[in-house]
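> Each residue of the sequence shown is one higher than the one before, counting from 1 in full-length UniProt numbering.
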Amino acid sequence: MSLLEVHDLKVSYDGRPAVHGVSLSVEPGEVVAVVGESGSGKSTTAHALIGLLPGNATLDAGRILFGEADLAGWSQRRLRSVRGSRIGLVPQDPANSLDPVKTVGAQIGEVLRVHGERDRRKIRARVLDLLARVGLPDPETRARQYPHELSGGMRQRVLIAAAIALRPSLIIADEPTSALDVTVQRRILDLIDDLRAEYGTAVLLVTHDLGVAAGRSDRLVVMKDGRVVERGPTSSVLAAPQEGYTRRLLDDAPALSARPFLDHPGGPPAIVVRDLVKEFRVGRRPFRAVDGVSFEVTRGTTHALVGESGSGKTTTARMVARFATPTSGTVGIAGAPDGRRFRRYVQLVYQNPYGSLDPRQSIGDIIEEPLRNFGLGDRPARRARVADLLERVALPGDLAAHTLRRALVERQSARERPAGSGSGWPSPARWPPTPRCSCSTRRSPRST
Numbered sequence: 001m002s003l004l005e006v007h008d009l010k011v012s013y014d015g016r017p018a019v020h021g022v023s024l025s026v027e028p029g030e031v032v033a034v035v036g037e038s039g040s041g042k043s044t045t046a047h048a049l050i051g052l053l054p055g056n057a058t059l060d061a062g063r064i065l066f067g068e069a070d071l072a073g074w075s076q077r078r079l080r081s082v083r084g085s086r087i088g089l090v091p092q093d094p095a096n097s098l099d100p101v102k103t104v105g106a107q108i109g110e111v112l113r114v115h116g117e118r119d120r121r122k123i124r125a126r127v128l129d130l131l132a133r134v135g136l137p138d139p140e141t142r143a144r145q146y147p148h149e150l151s152g153g154m155r156q157r158v159l160i161a162a163a164i165a166l167r168p169s170l171i172i173a174d175e176p177t178s179a180l181d182v183t184v185q186r187r188i189l190d191l192i193d194d195l196r197a198e199y200g201t202a203v204l205l206v207t208h209d210l211g212v213a214a215g216r217s218d219r220l221v222v223m224k225d226g227r228v229v230e231r232g233p234t235s236s237v238l239a240a241p242q243e244g245y246t247r248r249l250l251d252d253a254p255a256l257s258a259r260p261f262l263d264h265p266g267g268p269p270a271i272v273v274r275d276l277v278k279e280f281r282v283g284r285r286p287f288r289a290v291d292g293v294s295f296e297v298t299r300g301t302t303h304a305l306v307g308e309s310g311s312g313k314t315t316t317a318r319m320v321a322r323f324a325t326p327t328s329g330t331v332g333i334a335g336a337p338d339g340r341r342f343r344r345y346v347q348l349v350y351q352n353p354y355g356s357l358d359p360r361q362s363i364g365d366i367i368e369e370p371l372r373n374f375g376l377g378d379r380p381a382r383r384a385r386v387a388d389l390l391e392r393v394a395l396p397g398d399l400a401a402h403t404l405r406r407a408l409v410e411r412q413s414a415r416e417r418p419a420g421s422g423s424g425w426p427s428p429a430r431w432p433p434t435p436r437c438s439c440s441t442r443r444s445p446r447s448t
């Protein structure tokens, strides 16, 4: 008998269908990966299984059989008795999933208290054991810290600790590594594998990355536009995908495909960085986050800054974009003016879309804002521009984290082309130019 069976699941947002008759199953101890691009309905499906849909979503039809119980007909009160104790959830974004005013130890302990544990000493001991189990050093100290005092990888481990606190038989991992660098990503996935082996826990892994699913799952369920388009054993689907959509996902997975390097074009550099240094004051001693970085970016190319968390990548990018001031060194950008007009030339797309987009504004207003700020076009022209940008990146009405990030990209590219574009909007066929890639690897300045 399957641990979880989902039959003909249908979900809508404000009356608009988002999930169309999804069916899947998970066996005890098995890892099933639900794979698809942003907006495919995979996270909506996962959240519907445990009654965590947002307020504007409705479970319209379907059966959710967990053991012999049909969760689809359960009230929120009954579902709370299952969440955490029998089904654990590892959310996508720890920054939005952890309470910023509670210590991480208190938040893990709350899971135990909600499900009946009242002995404070037992709760404390269990919390410390869980923090150690998920690989956090010095659990005593970590338990007293707040989420903002931990790195992204550490916060994700705290969420995993909370998810396994009551040894559930099923863990739903919703994009558990999407915001982490590749090194931390591997550690988190290894941790989930270890816990599955130790406790015999089944895992429903939701991911947009077919490369992650390939090495971690027993079976694949591929979703597109709210429908399952392909399913089967992972090895079989990867070896011989039957759907063109699955083949495209396979081609786009960096770990599963290789692309030839393009010839480096000539021409003058658009960005010149020389001996860039950035120091922060930590206590009485300065901490050097960036130490003597130099590079050039040729016009019309993409230059990658690669490194682990804490290596100085983001700080370097912020200095190039003039969101941070270097301690020493220079940044030159060809043709970029000073003052406010600089933002027409250089912009920054932030890592965390939830923290970068104003929840009080619609996506259309957010993308239109830079056009208003620089007085570009009248209102009908701006609205037409926004509609064109949304259509070009195929943004759905209800936005997941990755589609929110695409909204950020469109917001930053909503301005006119600053040079050579005349008075009209830039032609999509000519701007932005097709990127070419050269890579710089940054090593962390910290001693390890």
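Think of the CB as a built atom: it goes at the ideal place given N, C-alpha and C, for glycine as much as any other residue.
Do residue 174 and residue 92 come within 9 Å of each other at the CB atom, strictly closer than that value?
Contact flag set, yes.
> With residue 298 as the anchor, note down where its beta strand (DSSP E) starts and where it stops.
It spans 285-298 - the beta strand (DSSP E) in which residue 298 sits, taken as one unbroken run.
> Less than 8 Å between the CB atoms is what I'm expecting for residue 217 and residue 31, so what's the real figure, rounded?
That pair is a contact at about 5 Å.
> Taking contact to mean at least 3 C-beta pairs separated by less than 8 Å, is the segment 175-191 in contact with the segment 142-159?
Touching, yes.
> On the criterion of 16 or more Cβ atoms from any shown chain inside 10 Å, does residue 485 qualify as buried, or is it exposed?
The shown model of the chain, from 1 to 448, leaves out residue 485, and the question about it has no answer.
> Terminal residues of the continuous alpha helix (DSSP H) containing residue 13?
Here residue 13 belongs to no alpha helix (DSSP H); instead the beta strand (DSSP E) covers 4-13.
> Using the rule of at least 16 other Cβ atoms within 10 Å of the residue's Cβ for burial, across every protein chain shown, is residue 176 buried or exposed?
So residue 176 counts as buried.
> May I ask which residues mark the beginning and end of the beta strand (DSSP E) holding residue 224?
Segment 219-224, the beta strand (DSSP E) holding residue 224.
> If you follow the beta strand (DSSP E) that residue 48 is part of, which residue opens it and which one closes it?
No beta strand (DSSP E) contains residue 48, which is instead part of the alpha helix (DSSP H) from 42-49.
> Using the three-state DSSP reduction, which class does residue 342 fall into: helix, strand or coil?
Helix at residue 342.
> May I ask you to verify whether the segment 33-50 touches the segment 213-228, counting CB pairs closer than 8 Å and requiring at least 3?
At 8 Å Cβ cutoff, the stretches touch.
> Name the two residues that bound the continuous beta strand (DSSP E) containing residue 35.
Unbroken beta strand (DSSP E) run through residue 35: 31-35.
> Are the beta-carbon atoms of residue 158 and residue 134 separated by less than 9 Å?
A contact, by the Cβ cut-off of 9 Å.
> From the DSSP output, in three-state form, read off residue 381 for me.
Correct three-state label for residue 381: helix.
> Can you tell me the Cα-Cα spacing of residue 94 and residue 268, whole angstroms?
Taking the straight line from one Cα to the other gives about 42 Å.
> Going by DSSP in three states, residue 244 sits in which element: helix, strand or coil?
Correct three-state label for residue 244: helix.
> Among residues of its own chain, excluding the 5 on either side of residue 113, which ones have a beta-carbon nearer than 8 Å to its beta-carbon?
Excluding residues within five positions, the ones whose Cβ falls inside 8 Å are 123.
> Pull up the DSSP beta-bridge partners for residue 69, would you.
Bridge partners of residue 69: 66.
> For the structure I just gave you, are there three or more beta carbon pairs, one from the segment 357-374 and one from the segment 307-324, closer than 8 Å?
Not touching, per the Cβ criterion.
> Taking residue 348 and residue 321 to be in contact with their CB atoms under 8 Å, please state how far apart those CB atoms are, rounded to whole angstroms.
So it is a contact: roughly 4 Å between Cβ atoms.
> Please report the straight-line C-alpha distance between residue 203 and residue 165, rounded to a whole angstrom.
In a straight line, the C-alpha of residue 203 is about 15 Å away from that of residue 165.
> Would you give the residue range spanned by the beta strand (DSSP E) that residue 204 belongs to?
Start and end: 202-207.
> Taking 6 Å as the limit between beta carbons, can you name the residues of its chain near residue 83, skipping five residues before and five after?
Excluding positions up to five away in sequence, the list reads 50.
> Going by DSSP, what residues sit across from residue 271 in a beta bridge?
Beta-bridge pairing links residue 271 to 297, 333.
> Do you know how far the Cα of residue 45 is from the Cα of residue 64?
Cα-Cα distance, rounded: 11 Å.
> How about the segment 276-291 and the segment 236-253: do they share at least three Cβ pairs that are nearer than 8 Å?
Short answer: they don't touch.
> Over what stretch of residues does the alpha helix (DSSP H) that includes residue 79 continue unbroken?
Residue 79 -> alpha helix (DSSP H) spans 76-82.
> Return the Cβ separation of residue 24 and residue 221 in integer angstroms, given the expectation that the two are a contact with Cβ distance under 8 Å.
That belief holds up - the Cβ atoms of residue 24 and residue 221 are roughly 5 Å apart, short of 8 Å.
> Counting only the same chain and skipping the five closest in sequence on each side, list residues whose C-beta sits under 8 Å from that of residue 6.
Hits under 8 Å: 22, 23, 24, 25, 45, 49, 62, 63, 64, 65.
> Considering only residues of the same chain and omitting the five flanking positions on each side of residue 121, which have a CB-CB separation below 8 Å?
For residue 121, where only same-chain residues beyond five positions count, there are no Cβ hits under 8 Å.
> Beta-carbon within less than 8 Å of residue 237's beta-carbon, same chain only, minus the 5 sequence neighbours each way: which residues are those?
Cβ neighbours of residue 237 beyond the five flanking positions: 220, 222, 230, 231, 246.
> Give the secondary structure of residue 60 by DSSP, where H, G and I count as helix, E and B as strand, and everything else as coil.
Here residue 60 sits in strand by DSSP.
> Do residue 167 and residue 146 have their beta-carbon atoms positioned less than 9 Å apart in this structure?
Cβ atoms of residue 146 and residue 167: not closer than 9 Å.
> How many angstroms separate the CA atom of residue 298 from the CA atom of residue 305?
Going by the C-alpha atoms only, they are around 14 Å apart.
> Just reading off the beta strand (DSSP E) that residue 139 is part of, what are its end residues?
Looking at the DSSP string, residue 139 is not in any beta strand (DSSP E); the run it does join, the alpha helix (DSSP H), is 139-143.
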